[in-house]
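Worksheet: the structure to be examined is printed underneath.
Protein chains in written order, with this note's numbering: chain A, 5 to 204; chain B, 5 to 204.
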């Protein structure tokens, strides 16, 4: 391979990441070559360390390291073991933890039902979820799966699976985002917000 | 370091690349962890191969490999050795080669004079350019440096340096891009296009 072919291979690997188009992947790859090797070495070392150490928790599917298995959130004794929050992706856990308002356990599905992207029910960690609901005795399952069509379809499917298992199934409220106004909200969001209105 | 800290390190390295903000770097890093290691391994191997093999040509500064030094474009016998095209970045060579309309040599400055970005005259490969003009006996130097303020300032500076060295200094025409119309061009571009008008 010549130099450009090597960079094209880097660009192809970068273009598979979310939000990165072919053109910006090329710009990134070429800039790695142009910066006298420092940026390239830095990225390489960071990726090597991540590749050697980062793993997904065998229990919840969240991000952890080889030497913390199960992860801190699964093994923490101070957390509420009666409620589990089901999410699509490990990074959803990071976002939820940032709020500081959930203190239960997590379970990552590793996707949602999405025939268009080739993700079917079989690819999801649903068996593991059913097993945990049984084994860990959760009394509530929160389906925090995103308010798009795929997220809602997956939530409906999981709720159906959990029926008759003596567990309360909930999902986060959908409505007007904090800081936004009535006039800036789309009709669907407003309809949801009205339907889910709360007594003051 | 825990898993998230490893990913944050990857995100920090990615965020240094052009066009990548902190948020999209985080999304990229988390997606690398979520995809069961395949995307991570692929990117890691591509970067490793690039890091081991890709080098900048000692002569022109373009992209090449360890075992092609000087690069193909510098050592090609079929190219015109009387004209050198001076560019800002190795990737500019790729863009110019794609046109198929330049068959001379190249010289990469590795930047332009840009006090705002901490790039001064000293960081550029100007000594090497003057040496090559002398040693290789170019009769024309094309300053293909971009039509922004920094590119034009650098072109003016290099042209001044080359004065009295018995070499013709030129730069590419500035004007209306192919496929665009008069009404879509900004005033500066139109003024340039008029000033540089050609006899039919």
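Glycine is no exception: its CB is placed at the ideal position from the N, C-alpha and C atoms. Model, not experiment: these values are computed from the prediction.
Burial check for residue 117(A): the Cβ neighbour count within 10 Å reaches 16 or more, so the residue is buried. Taking 8 Å as the upper bound for CB-CB distance, residue 129(A) and residue 113(A) are in contact here, some 5 Å apart.
In the three-state DSSP reduction, residue 123(B) falls in the strand class (E or B). For the 8 Å CB-CB criterion, residue 197(A) and residue 179(A) form a contact. The segment 139–146 of chain A makes contact with the segment 158–173 of chain A: 3 or more CB pairs, one atom from each, lie closer than 8 Å. Within chain B, the residues whose beta carbon sits less than 9 Å from that of residue 32(A) are 18, 21, 22, 23 and 24, listed in sequence order.
Counting only Cβ-Cβ distances below 7 Å, residue 14(B) has contacts in chain A at 50, 51 and 54, in chain order. Residue environment for residue 202(B): exposed (fewer than 16 other C-beta atoms within 10 angstroms of its C-beta).
Between residue 67(A) and residue 8(B), the beta carbon gap of about 6 Å places them in contact (Cβ cut-off 8 Å).
Boundaries of the beta strand (DSSP E) harbouring residue 147(A): 144–147, taken from the DSSP string. About 17 Å separates the beta carbons of residue 17(A) and residue 11(B), which is beyond the 8 Å limit, so they are not a contact pair.
For residue 62(A) against residue 6(B), the beta-carbon gap comes to about 16 Å, at or over 8 Å, which does not count as contact. Proximity of residue 28(B) to chain A, defined by a Cβ-Cβ separation below 8 Å, is satisfied. The C-alpha of residue 86(B) lies about 21 Å from the C-alpha of residue 94(B). Counted as a single uninterrupted DSSP element, the stretch harbouring residue 175(A) is not any beta strand (DSSP E), since DSSP gives it neither H nor E. Contact check for residue 37(B) against residue 88(A) fails: the beta carbons are separated by 8 Å or more.
A direct Cα-Cα distance of roughly 29 Å separates residue 42(A) from residue 137(B). When rounded, the separation of the alpha-carbon atoms in residue 70(B) and residue 15(A) is 20 Å. One finds 6, 7, 8, 10, 11, 34, 37 and 38 in chain B with Cβ atoms closer than 9 Å to the Cβ of residue 67(A), taken in chain order. Counting only Cβ-Cβ distances below 9 Å, residue 72(A) has contacts in chain B at 6 and 7, in chain order. Secondary-structure assignment with DSSP links residue 110(A) through a beta bridge to 89(A). The beta carbon of residue 25(B) lies closer than 8 Å to those of 19 in the same chain, with the five residues before and after it left out. Sixteen is the threshold: when 16 or more other Cβ atoms of the shown chains lie within 10 Å of the Cβ of residue 65(B), as they do, the residue is buried. Where residue 187(B) is concerned, there is no enclosing beta strand (DSSP E), because DSSP gives it neither an H nor an E.
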